[in-house]
Amino acid sequence: MSKQIQKLSEKLILDGLKSNGVECGVQVFSEIDSTNLEAKRQATAVHNTPMLFVADSQTAGRGRMGRQFYSPDSTGLYMSYMYTPDCGFSDSVTVTAAAAVAVARAIKRLTDLEPEIKWVNDIYIGGKKVCGILTEAVTGKDVKIIIGIGINITTQSFPKEIEGIADSLKISVDRNYLAACIVKELQMLISELSERTFIEEYRRLSCVLGRDVTFIKNGEERYGKAVDIDRDGGLVVQTADGSITLNTGEISLKVRK
Ligand code: BTN
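Below, the structure written as structure tokens:
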């Protein structure tokens, strides 16, 4: 198994986008605080196309729930896709769910791996997290949506807090082409977002449906069985007190005894 990783290149990403028939501006950074933050800084600049910001490493990679996203040099793909939505901001859970399907599709297209989605924003392979997604919105004169995606490609060791949970693809994949393929899938899914065409695929890719889960609701730990993904990407959980649909927050999979 090769641990070689290809150098990031604006030209190669643009070539990949072109061969997929996609229009998108690209900026590549060797090191940056966070590609999501860079997208926010440029949210009011004039861009005539959607924009992709990609970095070799992040010094302050942002995760959900105020966490950090570990982003060591040249072992992952850290990217943020910024676009102007057609009709305001769809629910963040819906955009994030669509983005998870886009990443899973691109990984399947370029590798033999079998990605799964852990609601709502994590891509798992072999029971471990290889990718996280953070969707943010900038509101103002124009609304901008920023979809931040971090994929561990060859990362071999992780900080203590995520050891045992995080993993990487562990294969040599062309990062430039992977970035281009993800943008292609994102653009396709976003253009059909209102039809929710991706929800059935999301359900099929889910590693959560049918499983016992724990979650926090109103500060209280709750338990239940994940039974469905609703048409907006919300997770329907059957609890002892009835059914609850989660649209924010996160769940843990209960360890089966
Ligand atoms: C999560 O797992 O909680 C979400 C992680 C999202 C990480 C990506 S890496 C590229 C982009 N820039 C960031 O600062 N975060 C996202």
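Residue numbers are given in our numbering: position 61 of the sequence shown equals residue 59, and the series is strictly consecutive. Where is the CB? At the ideal position from N, CA and C, for every residue including glycine. As the structure is a computational prediction, the values presented were derived from the model and not from experiment.
According to DSSP, is Ile121 helix, strand or coil?
Looking at Ile121 - three-state DSSP - the assignment turns out to be strand.
Note down the Cα distance separating Leu108 from Asn119, rounded to an integer number of angstroms.
The C-alpha of Asn119 is placed about 20 Å away from the C-alpha of Leu108.
Extract the residue ranges of the beta strand (DSSP E) inside the segment 3 to 84, only unbroken runs of 3 or more that lie entirely within it.
Taking only runs of at least 3 residues, the beta strand (DSSP E) segments lying wholly in the segment 3 to 84 are 23 to 30, 49 to 56, 74 to 81.
Ligand 1 heavy atoms versus the CB of Phe67: any closer than 7 Å?
At least one heavy atom of ligand 1 is nearer than 7 Å to the Cβ of Phe67, so yes.
Along the chain, where does the beta strand (DSSP E) containing Ile144 start, and where does it finish?
Run containing Ile144: 142 to 150, per the beta strand (DSSP E) assignment.
Check whether Tyr200 and Gly14 have beta carbons under 8 Å apart:
Cβ distance not < 8 Å, so Tyr200 and Gly14 don't count as in contact.
Among Thr237, Asp228, Gln66, Glu219, which residue has its Cα nearest to the Cα of Phe196?
Taking only the C-alpha atoms, the option nearest Phe196 is Asp228.
The segment 151 to 168 touching the segment 87 to 104, judged by at least three CB pairs closer than 8 Å
Because the criterion of three Cβ pairs below 8 Å is not met, the segment 151 to 168 and the segment 87 to 104 do not touch.
Are the beta-carbon atoms belonging to Lys142 and Met77 less than 8 Å from one another?
No, the Cβ-Cβ distance between Lys142 and Met77 is not below 8 Å.
Quick check: Lys9 and Val136, are their CB atoms within less than 8 Å of each other?
No, these two residues do not count as a Cβ contact at 8 Å.
At a cut-off of 7 Å, is Val147 close to ligand 1 when judged by its beta-carbon and the heavy atoms of the ligand?
Checking the displayed sequence, the identity of residue 147 turns out to be Ile instead of Val. Yes, since a heavy atom of ligand 1 falls inside the 7 Å radius drawn around the Cβ of Ile147.
Leu207 beta carbon near ligand 1 (any heavy atom closer than 7 Å):
Outside the cutoff, so no.
Quick check on DSSP: helix, strand or coil for Ala164?
The DSSP-derived three-state label of Ala164 is strand.
Based on Cα-Cα distance, which residue from Gly222, Ser72, Thr57, Val99 lies nearest to Glu190?
Considering only alpha carbons, the answer is Val99.
Ligand 3 heavy atom lying under 7 Å from the CB of Gly64:
Of the ligands one can find in the structure shown, namely ligand 1, none is ligand 3.
Strand pairing of Val235, partner residues [DSSP]
Answer by DSSP bridge pairing, in chain order: Ala224, Ile242.
In three-state DSSP terms, what is Ile131?
Strand.
Within 10 angstroms of its Cβ, does Glu256 collect 16 or more other Cβ (buried), or is it exposed?
The requested residue 256 is not part of the displayed model; the chain covers only -1 to 255.
Keeping to the same chain, check which residues put their C-beta closer than 8 Å to that of Lys139; ignore five residues upstream and five downstream.
Excluding sequence neighbours, Lys139 sits near Thr42.
In whole angstroms, what is the alpha-carbon distance linking Val211 and Lys168?
Cα to Cα, Val211 sits roughly 28 Å from Lys168.
In terms of alpha-carbon separation, which member of Ser55, Gly23, Asp54 lies closest to Ala40?
The residue asked about is misnamed: residue 40 is Gln in this sequence, not Ala. Scanning Ser55, Gly23, Asp54 for the CA closest to the CA of Gln40 turns up Gly23.
For Asp71 and Val101, the rounded distance between their alpha carbons
The alpha-carbon of Val101 is positioned some 21 Å away from that of Asp71.
Exposure of Lys116, with buried meaning 16 or more beta-carbon neighbours within 10 Å
Lys116 should be labelled buried.
What would DSSP say about Val171, mapped onto helix, strand or coil?
It is coil, neither helix nor strand.
Does the distance from the CB of Leu251 to the CB of Val206 come in under 8 Å?
A distance below 8 Å separates the beta carbons of Leu251 and Val206.
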